[in-house]
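Under this note's numbering, the sequence shown has 623 at position 528, and the numbering climbs by one with no breaks.
Even glycine gets a Cβ: it sits at the ideal position worked out from N, Cα and C.
Remember, predicted model here, so these are calculated numbers, not experimental data.
The next block holds one structure in the form of structure tokens; read it before the comments.
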Amino acid sequence: MSENNIVQSVTIEDSSDQFSKPLSAKKLSSQKLRRNDSLEIESRKFPGSQLHGSKAVSWSVILHLAFQSIGIVYGDIGTSPLYVYSSTFTDGIRHNDDILGVLALILYTITLIPLVKYVLIVLRANDNGDGGTFALYSLICRYAKVGLIPSEQAEDHDVSNFQLELPSKSMRRATKLKSKLENSQFAKFFLLFATMLGTSMVIGDGVLTPCISVLSAVGGIKQATTKMTDDMIVWISVAILICLFMVQRFGTDKVGYTFAPIICVWFTMIGCIGVYNFFKYDPSVIKGLNPKYIVDYFKRNKDKAWISLGGVVLAITGTEALFADVGHFTVRSIQISMCTVTYPALICAYTGQAAFLRKHNDLVPDTFYKSIPDPLYWPMFVVAVLASIIASQAMISGTFSIIQQSLSLGCFPRVKIVHTSTKYEGQVYIPEINYLLMLACVGVTLGFRSTANIGNAYGIAVVFVMTLTSALLVLIMLMIWKTNVLFVIAYVLTIGVVELVYLSSVLYKFDQGGYLPLAFAAVLMTIMFVWNDVYRRKYYYELENKISPDTLKEIAAETNFSRLPGLAMFYSELVQGIPPIFKHYVENVPALHSVLVFVSIKSLPIGKVPAEERFLFRKVEPSELNVFRCVARYGYTDVRNENEPFERMLIEKLKEFIRDDYWLRKANLKNGEDANDEESHDGQFDENRNTKREDLQDVDKQMDMIDKAWRAGVVHLIGENEVVAGKGANIGKRILIDYAFNFLKRNLRQSEKVFDIPQKRMLKVGMTYEL
């Protein structure tokens, strides 16, 4: 065992008079005072659910958000016309009707995947307004106990955003599926694995989007001057990418207002140019609406047509952003912006380019810029570069949000989360990830040097995430929505089959760049697996070795045990019970502060936890110890930062708990004697009835004691656990714990930096766990 203790206790000058509120009498419903002893592992046996309604949003707000969403959500899919045809016809156009076949594929793919699947179906699967692969997993975790860490509590169901409705007993299919998931360890691991894979692929998308978008846009300058070489285009793109990542630390406070007008101009220009080309070159391309041309295209080109699907799928890149960014807006606002602006503009753009190519088969490598009328070339070039930067920004910001969500599940090593805006809740910045993304983007751009090669890699990342989303969505349809099985089968046979066909096509180009997102995913999955596996092992070790109430009484009964003035907060990841590191602490330092609070930071499977519902307290017996347990509950999009008065909130809520706990015990005692006398006619009991003045004074004394401890000073005790493989462990376990996990831990943020704990009032307690 090892121990590293550094502490400097300082007196808090800030007065805590605002906490010294008199104990006032009021009426509390008996429902409010009902409490289960859920800070023990047995709490999972308690049923409980509460359905909370959502507030209606006015149409003015919806339209306002719809405009903002254009700048955030559609940058990626909006810049796809820059490279789709050149990535599809990599060997040139062999037959003029092949253009109609590819146009038909593009039109039906955009209609089926972004419009039908995401806008009409997937957006309904949002988790209290939040979207993405992680949100789907969290939604499933709320309806079925598929989490691998036993930290469920009955009171969690009462959080306003929980919105849980248990499957009806009459729905046998939903109940049976739920039971199978809960009883299958393989299913639990598979769901977590799928979520990690989807997260890794989206992060890979965040690397490839800036590369292909910026490279495609800058490449248009070759049309203006022959002096511009491919090497110069690559280096200009690298310079733009470096600048893009360097400004990330300033945040994107007004990102919606700044980007939306530019993307609106972009969509207007590509739509109008598309209509112009349609009428100027070949209006007969409207025949591309006939699916017959798709069949003819495959008959003429056979396996080459199947391979070319890897280029067609680039028309729907960024579609996952529709769902992932729904938390910043509303479902209705994204549906409106997609149907009224994005979808019509993309249809016009692709149709116009097809009409142009019907007359210029030889210009397919530079379709986008060659099809622009000469007077509009330079304005279009400038807007294209700006739009590509915006598309990159959206995916970079999305990557930060995804990693933040993974961190809350214990699936990603500790990194610093910076909340960059007080106005927009979801905007975060992660310094370490930002610079790693920058290095990856620069490396990919310098290594691949062309949009065709990057497109092969890009397609795999896009289709993988879409396929995983469909798999989780089918599970939600069956278990939560209780959708008619015929509709589920129809979904799988149409959208599911189409995505699998596209997936088979992009995987064919594995050796032509397609290995890149899989390599990214493999590295990220390895990091996430190592961290999550050891994280769970540590939690179960603490759970199995937690301090029992009898042991705590024995510690308190020690004759050489002394009390220190002040309040101590002992941080631990263990939600259920007191961690074993506390016993190690008192064995080496036989003293306790006058008030001790065990604080556990817990992530709930919801997006946000309201501040007033954040803390859950219990008093540890014997009561004269003045020891409490506190669970601080956060959602996966909540950010803990220095702007949140954590200490002040905790003390205030602790005093509220002491007052409410007194009335709870009083109510239980009276209900046990004579329930009828304690209930008033309106279902509430009067707290003033039969209360003794000395009892109230005792509660006031306890609250005064909290105030006194607060004024004496607060010390933050951090449990720093060193982990090693246990004796007799095999070589695989030793590599996992002794080398891989400890390497990550040594090179990443420490706990106090993640929790923003003041360095001058911090004490570290070290202990070694043999796992």
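{"query": "Close-in-space but distant-in-sequence residues of the same chain around Leu200 (CB under 8 Å, 5 per side omitted)", "result": "Ile389, Tyr392, Leu404, Val407"}
{"query": "Nearest-angstrom Cα separation, counted from Leu720 out to Val537", "result": "58 Å"}
{"query": "Opposing strand residues paired with Cys725 [DSSP bridges]", "result": "Val694, Phe712"}
{"query": "In chain order, each alpha helix (DSSP H) run of at least 4 residues that lies wholly inside the segment 176–218", "result": "179–183, 191–205"}
{"query": "Nearest-angstrom Cα separation, counted from Phe723 out to Pro675", "result": "16 Å"}
{"query": "Presumed contact (8 Å Cβ cut-off) between Trp409 and Gly554, rounded CB distance", "result": "The sequence shown places Leu at residue 409, not Trp. 6 Å between Cβ atoms; contact."}
{"query": "Proximity of Gly493 and Ala556 at Cβ, strictly below 8 Å", "result": "no"}
{"query": "Val560 beta carbon less than 8 Å from that of Asp300", "result": "yes"}
{"query": "DSSP-derived helix/strand/coil call for Lys382", "result": "helix"}
{"query": "Residues of its chain near Tyr232, where Cβ-Cβ distance is below 6 Å and the 5 sequence neighbours each way are ignored", "result": "Thr290"}
{"query": "Range covered by the alpha helix (DSSP H) that runs through Ser643", "result": "From DSSP, Ser643 is part of no alpha helix (DSSP H); its letter is neither H nor E."}
{"query": "Sufficient close CB pairs (3 or more, under 8 Å) joining the segment 632–639 to the segment 704–716", "result": "no"}
{"query": "Contacts around Lys240, its chain only, beta-carbon distance under 6 Å, and the 5 residues preceding and following it disregarded", "result": "Glu277"}
{"query": "Supposed contact pair Gln448 and Pro176 - C-beta distance, whole angstroms, cut 8 Å", "result": "7 Å"}
{"query": "Leu67 versus Leu215: straight-line alpha-carbon distance, rounded", "result": "Examination of residue 67 is not possible in this model, given that the chain is present from 96 through 866 alone."}
{"query": "Local Cβ density within 10 Å of Glu649, reported as buried at 16 or more and exposed below that", "result": "exposed"}
{"query": "Continuous beta strand (DSSP E) stretch holding Pro526: start and end", "result": "Looking at the DSSP string, Pro526 is not in any beta strand (DSSP E); the run it does join, the alpha helix (DSSP H), is 526–543."}
{"query": "Span of the alpha helix (DSSP H) around Arg509", "result": "From DSSP, Arg509 is part of no alpha helix (DSSP H); its letter is neither H nor E."}
{"query": "Cutoff 7 Å; reference Val495; Cβ partners in own chain excluding five residues on either side", "result": "The amino acid at residue 495 is misidentified as Val; the sequence shows Phe. Counting only Cβ-Cβ distances below 7 Å, and skipping sequence neighbours, we find Val523, Tyr524, Ile525, Ile528."}
{"query": "C-alpha distance - Thr562 paired with Tyr603, whole-angstrom precision", "result": "17 Å"}
{"query": "Spatial distance of Lys859 from Met574 (CA atoms)", "result": "45 Å"}
{"query": "Alpha-carbon spacing of Asn221 relative to Gly227, whole angstroms", "result": "8 Å"}
{"query": "Distance CB(Ser332)-CB(Val313) smaller than 8 Å", "result": "yes"}
{"query": "Terminal residues of the beta strand (DSSP E) in which Val819 lies", "result": "809–819"}
{"query": "CB-CB length for Asp225 against Gly422, believed under 8 Å", "result": "4 Å"}
{"query": "Candidates Val478, Lys641, Phe354, Ala566, of which the one nearest Leu588 by Cα", "result": "Ala566"}
{"query": "Sub-8 Å separation of Lys697 and Val726 beta-carbons", "result": "yes"}
{"query": "Minimum C-alpha distance to Met857 - residue among Glu817, Tyr864, Met664", "result": "Met664"}
{"query": "Paired residues, beta bridge with Ala686 - DSSP", "result": "Ser657"}
{"query": "Whether Ile411 touches Thr204 by CB criterion (8 Å)", "result": "yes"}
{"query": "Option in Leu866, Tyr178, Leu198 with minimal Cα separation from Thr446", "result": "Leu198"}
{"query": "Residues of its chain near Asp628, where Cβ-Cβ distance is below 7 Å and the 5 sequence neighbours each way are ignored", "result": "Leu831"}
{"query": "DSSP beta-bridge partners of Ser667", "result": "Ser695"}
{"query": "For Thr435 and Asp193, the rounded distance between their alpha carbons", "result": "29 Å"}
{"query": "Same chain only: Cβ atoms within 8 Å of Ala585, ignoring 5 sequence neighbours per side", "result": "none"}
{"query": "When Phe476, Met800, Val681, Phe752 are compared against Phe712, the one with the closest alpha-carbon", "result": "Phe752"}
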